Amino acid sequence: MSNSVIHAFFLGRAAAQAINRQLEDALTNALSELGKFDAEQRDRLRQFTDQVIESANREAGAAADSTISNTGSNTGKTGSKPADLQAMIDELRAEIASLRTELKNYRKQS
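Sequential numbering from 0 applies to the sequence shown in numbering that gives the first Met the number 0.
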């Protein structure tokens, strides 16, 4: 009887170790998949952000071109782009300030 009890003990111990290995593998695989999913989502978010920024820059450039061609520019040539980025930023800031003033006046009238 003692031999069967010892055999049952070792059988239970081996089963527990096998189950522990299976759980460990399952947990490792789940965490690996979660890491992959997180990395993919971050990459998709980065790509989406890049696309949005690129589109906004393209539209801002087109709007700036049309604004410059419609109102003239301080570079001396009507319809040409500003010589540098800082000049374009200054013009956009001036336009934003003008639009804010117009919006404030409109709100006061309403």
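Glycine included, C-beta positions come from ideal geometry on N, C-alpha and C. In this text, all values refer to a predicted model and were calculated from it rather than measured experimentally.
Rounded to whole angstroms, the gap between the alpha carbons of residue 87 and residue 60 is 9 angstroms. Scanning 56, 103 and 108 for the CA closest to the CA of residue 91 turns up 56. The continuous alpha helix (DSSP H) containing residue 89 extends over residues 84-108. In this structure residue 94 touches residue 66 by the C-beta definition: roughly 7 angstroms separates them, less than 8 angstroms.
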